[in-house]
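Heads up: the sequence shown at position 176 corresponds to 264 in the numbering used here, and the numbers run straight through without jumps.
Idealized CB from N, CA, C, for every residue including glycine.
These notes are about the structure you will find just below.
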Amino acid sequence: MSQMGFGVLECNLGFDGKASFSKTLATYPCKFLPVKHSPSSHRHCLTAFLVSYGGGLVSGDTINISIDIGANVSLCLLTQSSTKVYKRKTASNSLPSVADVHQYLDFNIGLNSLLALLPEPVTCFAESDYHQQQTFTMDPLGSLILLDWFTSGRASRGESWKFQRYSSRNVVKFKDGDAIVRDSLLLDSLKTDSEERSELKDTKPAYFHRVNPYHCFATLIFIGPKVLEFAKDALSAFEEIKVGGSRNDRSAKSDAVPILWSVSPIYEDFKDLRESQLIGSVLKASAFETDAMRSFLSERL
Numbered sequence: 089m090s091q092m093g094f095g096v097l098e099c100n101l102g103f104d105g106k107a108s109f110s111k112t113l114a115t116y117p118c119k120f121l122p123v124k125h126s127p128s129s130h131r132h133c134l135t136a137f138l139v140s141y142g143g144g145l146v147s148g149d150t151i152n153i154s155i156d157i158g159a160n161v162s163l164c165l166l167t168q169s170s171t172k173v174y175k176r177k178t179a180s181n182s183l184p185s186v187a188d189v190h191q192y193l194d195f196n197i198g199l200n201s202l203l204a205l206l207p208e209p210v211t212c213f214a215e216s217d218y219h220q221q222q223t224f225t226m227d228p229l230g231s232l233i234l235l236d237w238f239t240s241g242r243a244s245r246g247e248s249w250k251f252q253r254y255s256s257r258n259v260v261k262f263k264d265g266d267a268i269v270r271d272s273l274l275l276d277s278l279k280t281d282s283e284e285r286s287e288l289k290d291t292k293p294a295y296f297h298r299v300n301p302y303h304c305f306a307t308l309i310f311i312g313p314k315v316l317e318f319a320k321d322a323l324s325a326f327e328e329i330k331v332g333g334s335r336n337d338r339s340a341k342s343d344a345v346p347i348l349w350s351v352s353p354i355y356e357d358f359k360d361l362r363e364s365q366l367i368g369s370v371l372k373a374s375a376f377e378t379d380a381m382r383s384f385l386s387e388r389l
């Protein structure tokens, strides 16, 4: 049964200088699970899991999450397993129209704070329809690690690239300023031009030629002073492969690259790059297998 769920998570420093969750509120089907740290360590750091009852999202679910990270607090937000998106329901007398799954997450990152959003990948089942929008409003001295990734589906059950639609949009902006990152992806089984459709078999979705032969895609964003070294390391590593080709070696079984990736810098002001300061990077990657992608991402984190 579809649900309208929402959640609010707020974390701040107390008078004793220790970070804590000042507000934790969630309604079905979502829930927050805070992690307890030892009292003597990581006084400014918090960890929480965002979970969903039943292990996934069903047709018609709409989730709205708001998370506020106070000044000088570091929050690591995780999920316990992949976000499963179940099959889209068809129209019937009880459900006159089909229902998509929508998930909206809004983050506010304070002064000298850090958000590390490191979920497991989204896995869309056959005939599912998923829309996600994440908005990050940052203090100019705040920091962000954002991982947004998804798989082709339940490959073990023959459901690779069988979902109807996958839509993801990430917007990162400074407070009282313009957006510094707008990242969008849409895979729609119906939207394609006639020439592209003529090249596809009827059993393949319209987006298949854009993703084949890969089964896992990821976006990894670093922004802010606390993670600037991660951004620089990613940019340096990409420069090395462009010269040495260590990650562009062809697979023995295919002409495709087992892990295909690139990195772009983020500047404080793109209008004048000569005077602008590097503040982060955006990494894009695709891999044959989810485990290979996980190993690759662990090298960058």
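Exercise. Can we say the region 345-353 touches the region 197-206, given the rule of at least three CB pairs closer than 8 Å?
Worked result: no
For this session: Reducing DSSP to helix, strand and coil, say where residue 115 ends up.
Result: coil
Problem set entry | Neighbourhood of residue 175 by C-beta, 6 Å cutoff - its chain only, sequence neighbours within 5 removed | 213, 215, 216
For this session: Give the straight-line distance between the Cα atoms of residue 355 and residue 138, rounded to the nearest whole angstrom.
Result: 31 Å
Exercise. Name the DSSP bridge partner or partners of residue 302?
Worked result: DSSP, once it has assigned bridges, lists no residue as partnering residue 302.
For this session: Please check the pair residue 295 and residue 374, which I expect to be a contact at CB under 8 Å, by giving their CB distance rounded to whole angstroms.
Result: No, residue 295 and residue 374 are not in contact; Cβ-Cβ is about 13 Å, not under 8 Å.
For this session: Starting from the C-beta of residue 134, find all residues in its chain whose C-beta is less than 6 Å away, skip the five residues before and the five after it, and write them out in chain order.
Result: 99, 107, 163
For this session: Let me know the secondary structure DSSP gives residue 368 once reduced to three states.
Result: strand
Exercise. What does DSSP give as the partner residues of residue 257 in its beta bridges?
Worked result: 221, 272
For this session: From the DSSP output, read off the bridge partner residues of residue 311.
Result: 232, 368
Exercise. Taking buried to mean at least 16 other C-beta atoms within 10 Å of its own C-beta, is residue 282 buried or exposed?
Worked result: Residue confidence is low: residue 282 scores 47 on pLDDT, short of 50, so the model does not pin down where it sits. No coordinate-derived value is stated.
Exercise. Which class does residue 289 belong to by DSSP, given the choice of helix, strand or coil?
Worked result: Residue placement at residue 289 is flagged as unreliable, the pLDDT there being 47, under the threshold of 50; a coordinate-derived value is accordingly withheld.
For this session: Flag this pair as yes or no: are the beta carbons of residue 92 and residue 156 separated by less than 9 Å?
Result: no
Exercise. Residue 255 and residue 219 look like a contact to me (Cβ under 8 Å); what is the Cβ gap, rounded to whole Å?
Worked result: 5 Å
For this session: Indicate the three-state DSSP secondary structure (helix, strand or coil) for residue 140 in the structure shown.
Result: strand
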